[in-house]
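First comes the structure, then the notes that go with it.
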Amino acid sequence: MQKPSLGKKVTRRNRDKLLGRIKILEQQVRHYEKSSQKYKKRWQRALQERVRKNQSDQSSQTNSPQTVVRQIISARKGEGKRQLLFGQALEKRLRENSRKCKTLVDKRNFAKSVGGIVCKKYGMEKELQRRRILTYHLCKKYGCTEMSIGSKLKRFSKFVKLKSSVIKFFEDDEVSVMTPGKKQYITRRKVQKQRRFLRDSLKNLHKKFVEKFDVEVGYVTFIKLKPFWVVPPKESERNTCRFARHANFELILKPLIRQNYVRNVKSVSEFVSEVSCKTNIKSCMFGECKECNVKVVPSSVINQTIIKSPHLLPYDQWIQKKLGEVTSNRDPECRALPDSFL
Numbered sequence: 001m002q003k004p005s006l007g008k009k010v011t012r013r014n015r016d017k018l019l020g021r022i023k024i025l026e027q028q029v030r031h032y033e034k035s036s037q038k039y040k041k042r043w044q045r046a047l048q049e050r051v052r053k054n055q056s057d058q059s060s061q062t063n064s065p066q067t068v069v070r071q072i073i074s075a076r077k078g079e080g081k082r083q084l085l086f087g088q089a090l091e092k093r094l095r096e097n098s099r100k101c102k103t104l105v106d107k108r109n110f111a112k113s114v115g116g117i118v119c120k121k122y123g124m125e126k127e128l129q130r131r132r133i134l135t136y137h138l139c140k141k142y143g144c145t146e147m148s149i150g151s152k153l154k155r156f157s158k159f160v161k162l163k164s165s166v167i168k169f170f171e172d173d174e175v176s177v178m179t180p181g182k183k184q185y186i187t188r189r190k191v192q193k194q195r196r197f198l199r200d201s202l203k204n205l206h207k208k209f210v211e212k213f214d215v216e217v218g219y220v221t222f223i224k225l226k227p228f229w230v231v232p233p234k235e236s237e238r239n240t241c242r243f244a245r246h247a248n249f250e251l252i253l254k255p256l257i258r259q260n261y262v263r264n265v266k267s268v269s270e271f272v273s274e275v276s277c278k279t280n281i282k283s284c285m286f287g288e289c290k291e292c293n294v295k296v297v298p299s300s301v302i303n304q305t306i307i308k309s310p311h312l313l314p315y316d317q318w319i320q321k322k323l324g325e326v327t328s329n330r331d332p333e334c335r336a337l338p339d340s341f342l
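full-length UniProt numbering numbers the first residue of the sequence shown as 1 and each following residue consecutively.
This is the structure in structure tokens:
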């Protein structure tokens with residue numbers, strides 16, 4: 001028997017090696033194809049899940065709560081479980097926050113943030129009360145009510161009228177006196193006003209305002225509506241100026257009103273308005289008006305029964321006097337004020 005040649009053996013050996021290499025490469029190709037298909041499926045599922053979540057978020061913002069609940073129920077079990085867990089966690093957190101609200105302002109703000117028109121529409125007011133998140137009273141009063149545009153304008157108009165009345169009251173000369181100094185002004189938010197000093201305490205002025213305008217307004221609101229240029233007087237800023245004749249007339253009229261000699265009049269301006277045409281006209285105030293010169297004090301103002309049996313009444317009066325003014329590093333000097341000024 002003849003032996004195969006050496007060339008055929010080498011060829012057979014190389015062919016066997018190549019066939020073995022081909023099988024290994026075919027196995028690797030099948031493995032990589034399976035891996036590529038697996039990751040491709042994962043990528044497609046992740047993409048679908050992302051699209052579904054975006055659609056659910058958009059639908060939850062636009063759709064009603066009932067539609068969202070129906071979609072959750074129709075979805076798979078994991079989504080409903082996750083939503084229930086989120087609701088329980090949120091409910092627990094809201095209950096803890098409601099317990100931390102101690103003051104009425106905090107409770108009111110919490111009710112406005114939790115409640116709303118949606119809660120009222122789906123009857124969640126009692127549900128919030130049952131879950132101890134919010135009381136029914138707060139939810140009904142602050143959370144689930146929304147003021148209409150008409151009621152807002154009506155409320156704003158009432159506030160504007162009240163504010164104008166308070167400003168008019170404080171700018172009255174019987175309530176405050178204006179400072180005469182050129183530099184005695186106050187500026188707030190680029191609004192410059194001449195300073196005025198109060199003549200009485202704010203509590204007494206609040207009582208007078210309620211009696212005069214017949215308006216139910218609290219003391220705190222009255223203080224907030226007070227104009228910024230009306231301030232209490234200070235000892236360091238007493239550079240006020242008044243005519244002695246006007247001040248003495250007011251000092252004489254006060255005991256007459258107190259002892260009921262003058263009735264139906266509570267202030268100097270009311271008394272002057274009874275004997276003059278108009279108090280805001282110069283000719284009437286300076287005695288140049290022909291009608292005002294003829295007018296006398298009416299009988300409705302003077303109490304005739306008490307005048308028939310008169311008696312002396314004590315009253316105060318300003319007088320002119322020279323005072324020593326002590327200056328730094330100088331002897332006391334005397335100065336004389338004009339006769340018509342205090």
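Virtual Cβ for every residue (Gly too), placed ideally from N, Cα, C.
Between the C-alpha atoms of residue i and residue j, what's the straight-line distance to the nearest angstrom?
{"i": "Ser267", "j": "Gln259", "result": "14 angstroms"}
{"i": "Leu256", "j": "Asp173", "result": "20 angstroms"}
{"i": "Asn54", "j": "Arg45", "result": "14 angstroms"}
{"i": "Val10", "j": "Ser35", "result": "38 angstroms"}
{"i": "Arg99", "j": "Lys81", "result": "28 angstroms"}
{"i": "Asp214", "j": "Leu162", "result": "11 angstroms"}
{"i": "Asp339", "j": "Asn248", "result": "Because the pLDDT at Asp339 is just 44, under 50, the model does not fix this residue reliably, and the point stays unresolved."}
{"i": "Cys101", "j": "Leu94", "result": "11 angstroms"}
{"i": "Gln28", "j": "Glu91", "result": "55 angstroms"}
{"i": "Thr135", "j": "Asp106", "result": "13 angstroms"}
{"i": "Glu127", "j": "Val114", "result": "12 angstroms"}
{"i": "Val265", "j": "Lys112", "result": "50 angstroms"}
{"i": "Lys38", "j": "His31", "result": "11 angstroms"}
{"i": "Ile24", "j": "Asp16", "result": "13 angstroms"}
{"i": "Gln71", "j": "Glu49", "result": "15 angstroms"}
{"i": "Trp43", "j": "Arg52", "result": "14 angstroms"}
{"i": "Phe159", "j": "Thr221", "result": "11 angstroms"}
{"i": "Asn280", "j": "Thr187", "result": "27 angstroms"}
{"i": "Phe286", "j": "Ile319", "result": "23 angstroms"}
{"i": "Asn303", "j": "Pro180", "result": "38 angstroms"}
{"i": "Arg131", "j": "Lys234", "result": "57 angstroms"}
{"i": "Val68", "j": "Met124", "result": "16 angstroms"}
{"i": "Arg108", "j": "Leu138", "result": "7 angstroms"}
{"i": "Gly7", "j": "Glu33", "result": "39 angstroms"}
{"i": "Val191", "j": "Val210", "result": "28 angstroms"}
{"i": "Lys212", "j": "Pro314", "result": "29 angstroms"}
{"i": "Lys40", "j": "Leu104", "result": "59 angstroms"}
{"i": "Glu216", "j": "Val231", "result": "23 angstroms"}
{"i": "Ile133", "j": "Ser64", "result": "22 angstroms"}
{"i": "Leu253", "j": "His311", "result": "15 angstroms"}
{"i": "Ala89", "j": "Leu47", "result": "29 angstroms"}
{"i": "Val294", "j": "Ile223", "result": "43 angstroms"}
{"i": "Asn329", "j": "Glu288", "result": "Residue placement at Asn329 is flagged as unreliable, the pLDDT there being 49, under the threshold of 50; a coordinate-derived value is accordingly withheld."}
{"i": "Lys168", "j": "Gln83", "result": "59 angstroms"}
{"i": "Leu202", "j": "Glu274", "result": "28 angstroms"}
Give the DSSP bridge partners of residue i, in chain order.
{"i": "Met178", "result": "Arg196"}
{"i": "Val230", "result": "Arg196"}
{"i": "Ile167", "result": "Answer is none; Ile167 lacks a bridge partner."}
{"i": "Ile302", "result": "Val262"}
By DSSP, does residue i sit in helix, in strand, or in coil?
{"i": "Thr187", "result": "strand"}
{"i": "residue 361", "result": "Here the chain covers residues 1 to 342 and nothing more, so residue 361 does not appear."}
{"i": "Gly20", "result": "helix"}
{"i": "Val294", "result": "helix"}
{"i": "Val262", "result": "strand"}
{"i": "Cys101", "result": "coil"}
{"i": "Leu312", "result": "coil"}
{"i": "Gln71", "result": "helix"}
{"i": "Arg330", "result": "Low confidence applies to Arg330: its pLDDT is 47, below 50, so where it sits in the model is not reliable enough to give any reading."}
{"i": "Gln48", "result": "helix"}
{"i": "Val210", "result": "helix"}
{"i": "Met285", "result": "helix"}
{"i": "Thr135", "result": "coil"}
{"i": "Trp43", "result": "helix"}
{"i": "Ile319", "result": "coil"}
{"i": "Leu225", "result": "coil"}
If the criterion is Cβ atoms closer than 7 angstroms, does the pair residue i and residue j meet it?
{"i": "Val272", "j": "Val301", "result": "no"}
{"i": "His206", "j": "Tyr219", "result": "yes"}
{"i": "Leu198", "j": "Ser164", "result": "no"}
{"i": "Cys292", "j": "Ser276", "result": "yes"}
{"i": "Phe170", "j": "Pro227", "result": "yes"}
{"i": "Leu251", "j": "Asp200", "result": "no"}
{"i": "Val296", "j": "Leu225", "result": "no"}
{"i": "Lys278", "j": "Cys284", "result": "yes"}
{"i": "Lys182", "j": "Trp229", "result": "no"}
My guess is that residue i and residue j are in contact by the Cβ rule of under 8 angstroms, so how many angstroms apart are they, rounded?
{"i": "Met178", "j": "Arg189", "result": "Contact doesn't hold; Cβ gap of about 21 angstroms is too wide."}
{"i": "Asn97", "j": "Phe110", "result": "7 angstroms"}
Any beta carbon of chain B sitting closer than 7 angstroms to that of residue i?
{"i": "Val231", "result": "The chain inventory of the structure shown lacks chain B, comprising one protein chain alone."}
Within 6 angstroms: the Cβ of residue i and any heavy atom of the ligand ADP?
{"i": "Lys9", "result": "Looking at this structure, you won't find the ligand ADP or any other ligand, since it has none at all."}
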